[in-house]
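Asks: Numbering (the numbering used here), first residue to last: 12 to 150.
If you scroll down you'll find the structure; I have some questions about it.
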């Protein structure tokens with residue numbers, strides 16, 4: 012039986028393929044919304060790993076129900092949304108993606124510096140919904 016991995020947002024097909032080759036993968040089905048607490052409470056008790064975003068609150072109460080959990084990986088630079096002390100107490104490894112945005116940020120600064128004043132608003136906004144709230148991760 013394959014170890015179970017819970018993923019709180021759909022990943023690009025290549026990444027999903029790498030996971031499904033080796034693991035039983037359960038993915039939160041709502042593309043535009045963060046994973047619900049009910050979903051996490053249902054799926055984490057027998058999960059071995061969690062791949063989450065900064066919108067997913069991983070706290071002491073949730074971790075106490077995740078008896079099989081060995082690793083949490085967040086697709087974010089920050090990890091304030093994860094109770095690190097509670098994870099450490101349970102021997103759960105927590106990883107993040109430090110410096111993942113360094114080059115992208117530098118590229119955007121250069122792009123904006125090259126645009127005529129007032130033109131940046133015309134850039135694509137595919138990651139922002141019409142209501143101004145963040146949409147799903149853009150890959």
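Just so it is clear, CB atoms sit at the ideal spot from N, CA and C, and this is done for glycine as well.
Fair warning: this is a prediction, and the values are worked out from it, not measured in the lab.
1. Excluding the 5 residues preceding and the 5 following residue 50 in the sequence, name in chain order all residues of the same chain whose CB lies nearer than 7 Å to its CB.
2. If I measure Cβ to Cβ from residue 108 and keep anything under 7 Å in the same chain, skipping five residues before and after, which residues do I get?
3. For the region 22-32 against the region 64-74, do three or more pairs of beta-carbon atoms, one drawn from each stretch, fall closer than 8 Å, so that the two count as touching?
4. Rounded C-beta distance between residue 97 and residue 70? I'm assuming under 8 Å.
5. Per DSSP, residue 35 forms a beta bridge with which residues?
6. Assuming residue 17 and residue 54 are in contact, meaning their beta carbons sit under 8 Å apart, how far apart are those beta carbons, in whole angstroms?
7. DSSP state of residue 120, grouped into three classes?
8. Thinking residue 5 and residue 46 are a contact (beta carbons under 8 Å), I'd like their distance in whole angstroms, please.
9. So what does DSSP say about residue 69, is it helix, strand or coil?
10. Between residue 62 and residue 42, what straight-line distance do the alpha-carbon atoms span, to the nearest angstrom?
11. Just to confirm, is the Cβ distance from residue 103 to residue 82 under 9 Å?
12. With residue 103 as the anchor, note down where its beta strand (DSSP E) starts and where it stops.
13. Please list the terminal residues of the continuous beta strand (DSSP E) segment that includes residue 61.
14. Any idea what DSSP makes of residue 84, helix, strand or coil?
Replies: Answer, in terms of the structure:
1. Sequence index remark: in the chain shown, residue 50 carries index 39 (1-based). Same-chain partners within the cutoff: 39.
2. Against the chain shown, residue 108 aligns to sequence position 97. Cβ within range, chain order: 86, 87 and 88.
3. no
4. Counted from its first residue, the chain shown places residue 97 at position 86. Counted from its first residue, the chain shown places residue 70 at position 59. At roughly 7 Å, the Cβ-Cβ gap stays under 8 Å, so residue 97 and residue 70 are in contact.
5. As a first step, residue 35 must be located in the chain shown, where it is residue number 24. In DSSP, residue 35 forms a bridge with 15.
6. Residue numbering aside, residue 17 sits at position 6 when the chain shown is read from its first letter. Residue numbering aside, residue 54 sits at position 43 when the chain shown is read from its first letter. So it is a contact: roughly 5 Å between Cβ atoms.
7. Taking the first residue of the chain shown as position 1, residue 120 is located at position 109. Helix, per DSSP.
8. The structure shown does not extend to residue 5, since the chain is modelled only from 12 through 150, so no value can be given for it.
9. Taking the chain shown and counting its residues from 1, the one referred to as residue 69 is at position 58. Of the three classes helix, strand and coil, the one that applies to residue 69 here is strand, per DSSP.
10. The sequence position of residue 62 within the chain shown is 51, counting from 1. The sequence position of residue 42 within the chain shown is 31, counting from 1. C-alpha separation (whole angstroms): 15 Å.
11. In the chain shown, residue 103 corresponds to position 92, counting from 1. In the chain shown, residue 82 corresponds to position 71, counting from 1. Yes, the pair counts as a contact, with Cβ atoms nearer than the cut-off.
12. As a first step, residue 103 must be located in the chain shown, where it is residue number 92. Per DSSP, residue 103 belongs to no beta strand (DSSP E) and is neither H nor E.
13. Residue numbering aside, residue 61 sits at position 50 when the chain shown is read from its first letter. Looking at the DSSP string, the run of the beta strand (DSSP E) that includes residue 61 is 60-63.
14. Translated into positions along the chain shown, residue 84 becomes position 73. Residue 84: strand per DSSP, three-state reduction.
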